[in-house]
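Colleague: Input: one structure, supplied below.
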Amino acid sequence: MSDRQKKTFVITRFDPDKDEVPKTQTYEIPVRPDWKVLDALNFIKDEVDGTLSHRWSCRMAVCGSCGMMVNGEPKLTCKTALSDYGDTVEVGPLSNFPVIRDLVVELEGFMEKFKAVKPWILRAKEKAPEEGVYRQSPAELEAFKQFSMCINCMLCYAACPVVGNEPDYLGPAAIALGHRYNLDSRDEGDAERNQVFREEGGVYSCSYANECSEVCPKNVDPAAAINQAKFLAVVDWAKSFVSPRSRKK
Amino acid sequence: MARLADPRAMSPSRPGRTRTAPPVMPPLFPARGRYRSYMLFGACCVFFLLSSLLFLRVVDALAAGPEAWDDLLRQFRHPLYLAYNVAALAGFVFTARRFFFQLFAKSQPPRIGPLPRPPLAVLPPLLGAAWVAATALIFCILWGAFP
Amino acid sequence: MKHLIARLEPVIWALFGGGFFVGCLLMPAFIFMLCIAAPLGWLPEGALSYERAHALAANPIGRLALFVLIVLPFWNGANHLRHFVIDLRGIRSDGVVAPACYAAALVVTGIAAVAVGKL
Amino acid sequence: MVEVVRHDIVIVGGGGAGIRAAIAAVEADPKVTVALVSKVYPMRSHTVSAEGGAAAVVPGSDDSLDKHAYDTVKGSDFLADQDVVDYFVEQAPLELTRLEHWGCPWSRNDDGSVATRPFGGMQIPRTWYAADKVGFHMLHTLFQHCMRFDRIVRYDEYFVTKLLVDGGAVKGVAALDMREGKTRVVLGRAVILATGGAGKCFPFTTNGTIKTGDGMALAYRAGVGLKDMEFVQYHPTGLPGTGILITEASRGEGGYLINSEGERFLVTRDYGVGQKAELGPRDMISRAIMQEISAGRGIKGAYGEHVQLDLRHLGEAKIMKRLPFVRELSKTYAGVDPVHQPIPIRPVVHYMMGGVDTNVTGATDLPGLYAAGECASVSLNGANRLGSNSLTECLVFGARAAIEALKYARGTSEGNETALRRQGEEEMARIDALRGRKKGGERISQIRREMNLAMERGCGVYRDQASMQQTVAEVAQLKGRYADLALEDSSKVFNTEILTALELGNMLDVAETIAVAALARQESRGAHACRDYPTRNDQKFLHHLLVFFTPAGPRLEKKAVTITRFQPEERKY
């Protein structure tokens, strides 16, 4: 095909049953000018080497499964154009995560952190569906909307130095999610979540690297969420001294 | 090869069901890319510590009397002191740029209790204005123009 | 110790944040005027003579300003140093570094309170 | 030895319908435990990609349940079961409200009520939306909400390969644990399939790579009929090449479709959509686009001919508020900014109206087996689904299936564990034999590509008898070649090659049912447009077609349509 150009892919490979440590493997394949990195991986998987393992699904940057390191930066591979790179592209599994196989990383650690922030509406009394919806003004929606856009692609975890150094740290996506519920006008669980935020590995572990927001493909800006949460958790903590009762809502 | 991360980073509380390769830190960490600026930001903590101690000396000298005060100002003329202070000034300005002007605005929650936050767009100019005002005030006071 | 620090994290963070505020907003001007301009003689004669400087410092606002100018940046620096060390060496040395940093900050706070009181 | 775990209900699939079912089950009974078995982490499920909205009558508006029911039945070209439609429209507002209570960030009106937008084939704006990421927000809301229940036990990245039947009833599943590469048995007294559609049978689809018709194939091989498989919905506005979905909401918000001459052909020419123009139903608009292209008014591009979706007149502010994701997708994947340029679009496969045959309760004819969501055909959508009905369908029938499964489970035994375990072991041996198998020389990607092309050729927007015949033959031949598949990867841990191979097997089964059913329906109805029989024929074909598995090949059966209030009439807008 004449519109195809050759590119070299240096891909991290790891099979726990065979390899002591991850190694790299090089593939030279013809690519089309409009391809994303993921298209190249799929081409390799389909036509060159069926043993390559990677996760992907929606290929439209919303399912969040194809996050990998591309030339050292965490990227959604379905959204990353090959034309932005030179003749050699390095693809590896996300940093800061244990690697299960090739480009597939361990997500269970994240799932625990995710659950720890209680990402659901907490209310003393829930309404029955027959009573209709809660009123929420567009401004109240706007207050948390941005933080609800996270697709759990894990790029922020791969970029954050604190995640790699402090294993207890809840991390950007989980905190942004908890903060999203704290800001939701329908929710009453902020005291509970702030407690989690104040614990070891909570919001105060963040050291302002701002990397999460730099790499976020969905402009969630987790750094903003974490630092807002720091402030609100302090306010909440101070309030708990003034009126201890206000903690139970 | 990048530095290894903490072996427990992003691991589940019970180990996974198969052997995994250990997590590594982001490949450019800490010396390259955006991390360099971040590490510089971290290193600026030295200026916060030392300048704080320097101001402790200033207070001490003021309490000790005119000779001590003049002696301190004379010491400050020493090239090492001057070099440090110029570096510290740069460090504080760098920190201000990174923290105060880039991160601070978006770190403000939409509302604190009953108080709504001003729109995000106006916060950086407001901060800039506050910075100019504070700096000008200190200049005037120490210049002798006020009070 | 670890748990005590974890419990106090909100206070430490508040001091840390305050330190950033002071450091960013006030420090550049003070350092420039007091530590660079004054020794180099760029200021008008008498602007920072002992009498004037002492008068400025010893009034209640001056004392408070100096106390804040010493204590908050130090807490900021202490906390930031702790995180900087974590960045460089991982969490393993935090059990020593964190108590050391905060103990130093406590000591400096105490000394500053005494020093400002003696003005 | 195969490992066995036991729960009360086993749900296969962790998308909208699966999670809703899991929540419904644990809420309905404080003691049951539910296994949520999904081949991907649930937040990756393809519900996430739905963009436009979810339909339900807004209580207190000038809308009515009757109008919603009528629109749905008419949209289905009268092939929807009307008892199902009635139940659906009645439950829809409650389900969407429930989701609101669970935190779904629905877009709002100024007074704080939930906002709605118009959608194709609906008389009244009744599509609830959260900008243009509705599926994303619904799925994440459901997933996050389900995290609060410890009795929902997730088996993430487990690929179900077989339904385990004992004594004529389904008692569990055998699943390949991707992490360890081991087959395990998950037992339950009832099984709910919620695995989504099979768009990946086709080359150009809005569907993600995970949508390979797994649940349909599982049920089919267990002897359950697949219903209405011939009806494959083409979404009029997908990006050429990738097939990425540009939501119908872009037309709902006022976008135009234009041809190479810049003409709004849905207004200037008669394509049966009348006044509705761009807001006509999907089947009609897809056909209109194909006709424009065959009349030479298409625009040539790198991936064949297309027409354009023009949003420029909406202005940047509205696009950013209501359709930000459309803008992001167009920029990233088509290189055009809809604020300044029209978006190239063409019809792409979007949704399977057909699926596992169930009644209004979600029950199949096989005791203990239930199905919901796109993998089921509860007969809400008939021959053509109206946009924004399917997200609601996942909720309504996911919940219903769970309640019914629970009722059934209370009155049934756990099944003979020894027998079930033995089946699990057989399944394990079958999967292990496939791993790294060197026999034959067929590549997965080659067979998949040929299947895709055959399906496109025979079961496209327009179909004809000759090409459908050819497709049936080709798919049958591909199934033969599938037996000679060669696999390279013999490793155990996260072997995605074996997963792709198993998925291909599922797709071939489903593809065959689609082609066979399409060939048998000698009329044009809804999404099934046959050139040899260009009109609807209620005399001969006002019924569903069921496809059953037999070792000799698919067997067809008729099933009556439930018609209560709305008698068939000509479908014109």
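These protein sequence lines map, in sequence, to chains A, B, C and D.
Here the first sequence stands for residues 1 to 249, numbered as in my numbering.
Here the second sequence stands for residues 250 to 396, numbered as in my numbering.
Here the third sequence stands for residues 397 to 515, numbered as in my numbering.
Here the fourth sequence stands for residues 516 to 1088, numbered as in my numbering.
Glycine included, every Cβ here is placed at the ideal spot set by N, Cα and C.
Source: prediction; values computed, not measured.
In the DSSP assignment, find the unbroken alpha helix (DSSP H) run with residue 260 of chain A in it and report its ends.
Modeller: Given that chain A is displayed from residue 1 to residue 249, the structure contains no residue 260 of chain A and the question cannot be resolved.
Colleague: Can you look up residue 1043 of chain D in the DSSP assignment and give me helix, strand or coil?
Modeller: Assigned with DSSP and collapsed to three states, residue 1043 of chain D falls in strand.
Colleague: By DSSP's criteria, residue 670 of chain D is part of a beta bridge. Which residues make up the other side?
Modeller: D/552
Colleague: Quick one: is residue 263 of chain B near chain D, going by C-beta distance under 9 Å?
Modeller: Chain D contact via Cβ: absent.
Colleague: Once you ignore the five residues that flank residue 1112 of chain D on each side, which residues in its own chain have a CB closer than 6 Å to its CB?
Modeller: Because chain D is modelled from 516 through 1088, residue 1112 of chain D falls outside the range shown and cannot be assessed.
Colleague: If we ignore side chains and look at the alpha-carbon of each, how far apart do residue 311 of chain B and residue 356 of chain B end up?
Modeller: 38 Å
Colleague: Can you tell me the Cα-Cα spacing of residue 639 of chain D and residue 605 of chain D, whole angstroms?
Modeller: About 16 Å.
Colleague: Can you check which of these residues, A/121, A/101, A/25, A/103, is closest to residue 88 of chain A by C-alpha distance?
Modeller: A/25
Colleague: Let me know the secondary structure DSSP gives residue 862 of chain D once reduced to three states.
Modeller: strand
Colleague: Report back the beta-carbon spacing between residue 700 of chain D and residue 689 of chain D to the nearest angstrom; my notes put them in contact at under 8 Å.
Modeller: With 8 Å as the limit, residue 700 of chain D and residue 689 of chain D qualify as a contact, their Cβ atoms being about 6 Å apart.
Colleague: Could you tell me which whole beta strand (DSSP E) segments of length 3 or greater appear in the region 739–798 of chain D?
Modeller: The qualifying runs are 747–753, 771–773.
Colleague: Could you tell me if residue 1039 of chain D is buried or exposed, where buried requires 16 or more neighbouring beta carbons within 10 angstroms of its beta carbon?
Modeller: buried
Colleague: Below 7 Å CB to CB, which residues in the same chain sit around residue 654 of chain D once its five sequence neighbours on both sides are set aside?
Modeller: 530, 531, 558, 560, 562, 563
Colleague: If contacts are defined as beta-carbon pairs under 8 Å, then residue 517 of chain D and residue 939 of chain D qualify, I think. What distance do you get, rounded to the angstrom?
Modeller: 4 Å
Colleague: Output yes if chain D places a C-beta closer than 9 Å to the C-beta of residue 111 of chain A; else output no.
Modeller: yes
Colleague: At the 9 Å Cβ level, is residue 64 of chain A part of the contact set with chain B, yes or no?
Modeller: no
Colleague: Taking the alpha-carbon positions, what's the residue 457 of chain C to residue 304 of chain B distance?
Modeller: 16 Å
Colleague: Considering only C-alpha positions, which residue in the set D/1068, D/917, D/1035, D/821 is nearest to residue 878 of chain D?
Modeller: D/917
Colleague: Check for me: the alpha helix (DSSP H) holding residue 1012 of chain D runs from which residue to which?
Modeller: In the DSSP assignment, residue 1012 of chain D falls within the alpha helix (DSSP H) that extends over 1011–1035.
Colleague: With a floor of 3 residues, list each beta strand (DSSP E) that falls wholly inside the region 832–888 of chain D, ordered by position along the chain.
Modeller: Note on the region 832–888 of chain D: whole beta strand (DSSP E) runs with a minimum of 3 residues are 858–867, 870–872, 884–886, in chain order.
Colleague: Go through its chain and collect everything with a Cβ distance to residue 161 of chain A's Cβ below 6 Å, but skip five positions before and after it.
Modeller: 209
Colleague: Under the DSSP definition of a beta bridge, which residues are partnered with residue 819 of chain D?
Modeller: D/816
Colleague: So, with DSSP's three-state summary, where would you put residue 111 of chain A?
Modeller: In the structure shown, residue 111 of chain A sits in a helix (DSSP, three-state: H, G or I).
Colleague: Helix, strand or coil, according to DSSP, for residue 595 of chain D in the structure here?
Modeller: The three-state reading of DSSP puts residue 595 of chain D in coil, since its state is none of H, G, I, E or B.
Colleague: Is residue 635 of chain D helix, strand or coil when you go by DSSP?
Modeller: coil
Colleague: Do the CB positions of residue 645 of chain D and residue 621 of chain D come within less than 9 Å of each other?
Modeller: Cβ distance < 9 Å, so residue 645 of chain D and residue 621 of chain D count as in contact.
Colleague: Assuming residue 699 of chain D is part of the beta strand (DSSP E), what are its boundary residues?
Modeller: 697–702
Colleague: With a CB to CB cut of under 8 Å and the five nearest residues on each side skipped, what residues in its chain are close to residue 94 of chain A?
Modeller: 67, 68, 69, 74, 105, 154, 155, 157, 158.
Colleague: Could you name the residues of the same chain whose beta carbon sits closer than 6 Å to that of residue 178 of chain A, not counting the 5 residues immediately before and after it, in chain order?
Modeller: 117, 193
Colleague: Count the CB pairs spanning the region 748–758 of chain D and the region 788–801 of chain D that are closer than 8 Å, and state whether there are at least three.
Modeller: yes
Colleague: Along the alpha helix (DSSP H) that carries residue 725 of chain D, what are the first and last residues, could you check?
Modeller: That residue, residue 725 of chain D, is in no alpha helix (DSSP H); it is neither H nor E in DSSP.
Colleague: Is any beta-carbon of chain A found at less than 9 Å from that of residue 379 of chain B?
Modeller: no
Colleague: Residue 725 of chain D touches chain A at which residues, Cβ-Cβ below 7 Å?
Modeller: What residue 725 of chain D touches in chain A: 57.
Colleague: Are the region 320–328 of chain B and the region 358–368 of chain B touching by the rule of at least three beta carbon pairs closer than 8 Å?
Modeller: The region 320–328 of chain B vs the region 358–368 of chain B: no contact.
Colleague: Nearest to residue 450 of chain C by CA position, among B/292, B/315, B/297, B/293, is which residue?
Modeller: B/315
Colleague: Spell out whether any CB of chain A is found under 9 Å from the CB atom of residue 610 of chain D.
Modeller: yes
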